[in-house]
Every structure is written in structure tokens, then in C-alpha cells.
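A.B. asks: Residues are numbered in my numbering as their position in the sequence shown, beginning at 1, plus a constant of 11. For each residue, glycine too, the CB sits at the ideal point set by N, CA and C.
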Amino acid sequence: MTITEAKSIIDEYEYKSVLTDDEEFLLLEALEFMINTTKETEWMVRLGGYHYDKRNFDLALKYYEMADELGDKWAAEGLGYIWYYGRTGEKDYKKAFDYYHKAMDNGNLKSMVKVADMYKNGYGVDKNYDMYVELIEAAYTYVKGVPYLSAPQPEVYTRLARIRQKQGRTDEAIDLYVRAKDFLAQRITYNPFFGDLNIMKWLEEELYELIDFDRADFDLYDLYALLKQPVRIAFAYDGKMYEVESVEEDGSISIRFGDSWYRDIDDFFAKATIAGERIPVLYEKLYAFKVV
């Protein structure tokens, strides 16, 4: 394998929503080749991110630590997430705060948001709501209008929406939630990362606490709200109609889509496919949603 071949494999497969076993093997081999050949921390972070997305958190930790020890400016963010959420079995808020703060000092806006959260909750640092608001307001000035899908607009907008709601500025809060949803839906289309799907789920819950749900006009992510109770939804893709149904069994809701069953709405968004593509990737091509 050459560097050119490895980069070509990575470009083709790194953000493909569904990989065959052979494709995944080639991708991992190419990333390992780039690490061993170039010694550049970028490839360590990208391989760590791939394993994080696949919930192989021990391997994610390995590659993030490798990159951080070599001075990478972005690896600290990944390490912050691992220790904040206890991805490898143990939460350590002090480590998480230090890593997030390190990444924030390097200009990482997502880590700025997480540092703000830790001040709000008193995790790894003394609780300080005013500092939380100050950091989120500062982050907003950086991300508003930024066109890059990797920018933490939804993360900042949803937090600022909660702040505005607490301030009694409900209309502003609703506008922030709507803008966050649109931006996040586009990001998920390119990379249906489970963390972004969680943000979308929480956003939907918070938005519909402020506005009424319109059953005559809704989209894919409104299924987070609709499928909480038994209901059947129809929608179209490429001229063909599909149905998804939520079914109550023993006090819990399972999801049926076609001939497949999913244990809950998270499982549905993580695994359901049409024509070999995960459903979130097809967001802009799905239409005619209606309650059957």
C-alpha cells in the first residue's frame, strides 16, 4: 500500500454510512498505514474518532492518548468525552475538565461548550451558572453564521435556547431550536454519528415543550416525538411508500420498519436502512410524511 492508495481508501470509506466487513478492514488498514508511515497525529485522531463512533472506546482512548502525547491540539477533546461520559467504564470529571479546557485553549469550540456545561453542573469544578452563560454567549458569537457542518452550532444554539427560555425570551428560544434542528439534520446527513442523533432527540423534546406539534406537517426527526406512543407513519422515498410503526409491548415501545424490528427509537435511527443507506443519510430525500 502507498500513501496515495491509503488516502484514497480513507476518502472513499471513512464517512460511508454502511460498510461491509471488507470495506471496514480496508479502512482500518489504511488508517493504521498512515499512522505508521507518516507518524502524523491527524491519522491517530481520525482512527480514534472512528472507533469512538463504533463504540470501541478502549481503542478510541488508545489513539487519542497517542496523539495527545505527541502534541496534537484536537485529541484532548476526544479524551474529554471519554472521561466525561465514562466511556471505558469510569467517569473522571477532573480529567474531563482538564482535557476539555486544554482543547478549548487550543481553539476547540465544542470543548468550550463542554467546559461551560461543567461549570453549570459543578462537574470537576465549582458550580458557576454565570460562567456557563458567559461561555455559551461567547461561543454563540463564534458559531453564528458559520457554514461548516463540523461547527458546534446545534450544541451552542440548544444551550442558548434554554438560557433564553429561562430569561423569559421564549420566541428567541424557539427560533434557536429551529435553526439548530436544520443545521443538525444537515450534519447527520453526512455522518449519522450517534451523539448527534442524541442531540436531535433532546432538541425535539425541548422544542415541542414550547410549540404545538402539527400532525399535518412534520419530517423524519419528528418521529422522535411521534413514535413515543403506538402509531403508524407513512412516508415516501424515490416514488415508493414506506411505513414505520411503534408498538407497545410490556410497557415499552418497539419499532417495526418493513420486516425488521428495533428495540426502541434510538435503535431504529441507528440501524434502519433503505436501499443500503441508513435512514438519516436520506433525510432530504424523504417526503410525504403522514400519520396513517
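#1: Whose C-beta lies closer than 8 Å to the C-beta of PHE194 among residues of the same chain, with five residues either side of it excluded?
#2: Which value, in whole angstroms, describes the spacing of the CA atoms of THR99 and ALA299?
#3: Would you give the residue range spanned by the beta strand (DSSP E) that LEU238 belongs to?
#4: Decide if VAL29 is buried, meaning its Cβ has at least 16 other Cβ atoms within 10 Å, or exposed.
#5: What are the complete beta strand (DSSP E) segments, minimum 3 residues, inside the stretch 60 to 89?
#6: Give the DSSP-derived three-state secondary structure of PHE36 in the structure shown.
#7: Contact defined as beta carbons within less than 8 Å: I believe GLU88 pairs with LYS65. What is the distance between those atoms, to the nearest angstrom?
#8: Find out if the Cβ-Cβ distance for the pair MET123, ALA162 is shorter than 8 Å.
#9: Could you check whether ALA127 and TYR143 sit closer than 8 Å to each other, using their CB atoms as the reference points?
#10: Check each candidate in MET129, TYR61, LYS301, LEU81 and name the one with the smallest Cα separation from TRP94.
#11: Excluding the 5 residues preceding and the 5 following GLU51 in the sequence, name in chain order all residues of the same chain whose CB lies nearer than 8 Å to its CB.
#12: Entirely within the stretch 226 to 287 and at least 4 residues each: give me those alpha helix (DSSP H) ranges in chain order.
#13: Would you mind working out which of THR49, GLU35, GLY60 sits nearest GLY206, comparing C-alpha positions?
#14: Since I believe ARG289 is in contact with PRO203 (beta carbons under 8 Å), could you give me their beta-carbon distance rounded to a whole number of angstroms?
#15: At a cut-off of 7 Å, would you count ALA236 as near the ligand SAH, judging by its Cβ distance to the nearest heavy atom?
#16: Could you check what DSSP says for VAL124 in three-state terms: helix, strand or coil?
#17: Starting from the C-beta of LYS106, find all residues in its chain whose C-beta is less than 6 Å away, skip the five residues before and the five after it, and write them out in chain order.
#18: Whose C-beta lies closer than 6 Å to the C-beta of ILE199 among residues of the same chain, with five residues either side of it excluded?
#19: Quick one, which of GLN240, ARG243, VAL136, LEU187 has its alpha-carbon nearest ASP109's?
C.D. replies: Answer, in terms of the structure:
#1: The residue given as residue 194 occupies position 183 in the sequence shown. LEU160, GLN164, PRO165, TYR168.
#2: On the sequence shown, position 88 is the one that residue 99 refers to. On the sequence shown, position 288 is the one that residue 299 refers to. So the two alpha carbons sit approximately 42 Å from each other.
#3: Taking the first residue of the sequence shown as 1, we reach residue 238 at position 227. Premise fails: LEU238 is in no beta strand (DSSP E) and is neither H nor E.
#4: As a working mapping, residue 29 is identified with position 18 in the sequence shown. Classification for VAL29: exposed.
#5: Taking only runs of at least 3 residues, no beta strand (DSSP E) segment lies wholly in the stretch 60 to 89.
#6: Working through the sequence shown from its first residue, we reach residue 36 at position 25. Note: PHE36 maps to helix in three-state DSSP.
#7: As a first step, residue 88 is located in the sequence shown; it is residue number 77 there, counting from the start. As a first step, residue 65 is located in the sequence shown; it is residue number 54 there, counting from the start. Going by Cβ atoms, the distance from GLU88 to LYS65 rounds to 18 Å, so no, they are not a contact pair.
#8: Locating residue 123 in the sequence shown gives position 112, counting from the first residue. Locating residue 162 in the sequence shown gives position 151, counting from the first residue. No, these two residues do not count as a Cβ contact at 8 Å.
#9: Here residue 143 refers to the residue found at position 132 when the sequence shown is read from its first residue. Here residue 127 refers to the residue found at position 116 when the sequence shown is read from its first residue. Contact flag set, yes.
#10: The residue you call residue 94 lines up with position 83 of the sequence shown. Sorting MET129, TYR61, LYS301, LEU81 by C-alpha distance to the C-alpha of TRP94 places MET129 at the top.
#11: Within the sequence shown, numbered from 1, the residue matching residue 51 stands at position 40. Excluding five sequence positions before and after GLU51, the CB atoms of its chain that fall closer than 8 Å to its own CB belong to MET45, given in chain order.
#12: Runs of the alpha helix (DSSP H) inside the stretch 226 to 287: 234 to 237, 276 to 282.
#13: By 1-based counting over the sequence shown, the position of residue 206 is 195. The candidate whose alpha carbon is nearest that of GLY206 is GLY60.
#14: Within the sequence shown, residue 203 is the residue found at index 192, counting from 1. Within the sequence shown, residue 289 is the residue found at index 278, counting from 1. Between PRO203 and ARG289, the beta carbon gap of about 5 Å places them in contact (Cβ cut-off 8 Å).
#15: The ligand SAH is not among the ligands present in this structure, which contains no ligands whatsoever.
#16: As a first step, residue 124 must be located in the sequence shown, where it is residue number 113. Looking at VAL124 - three-state DSSP - the assignment turns out to be helix.
#17: Residue 106 sits at position 95 when you count from the first residue of the sequence shown. Excluding positions up to five away in sequence, the list reads TRP94.
#18: Your numbering for residue 199 matches position 188 in the sequence shown. Excluding positions up to five away in sequence, the list reads ASP207, PRO291.
#19: Here residue 109 refers to the residue found at position 98 of the sequence shown. Residue VAL136 is the option with its Cα nearest to ASP109.
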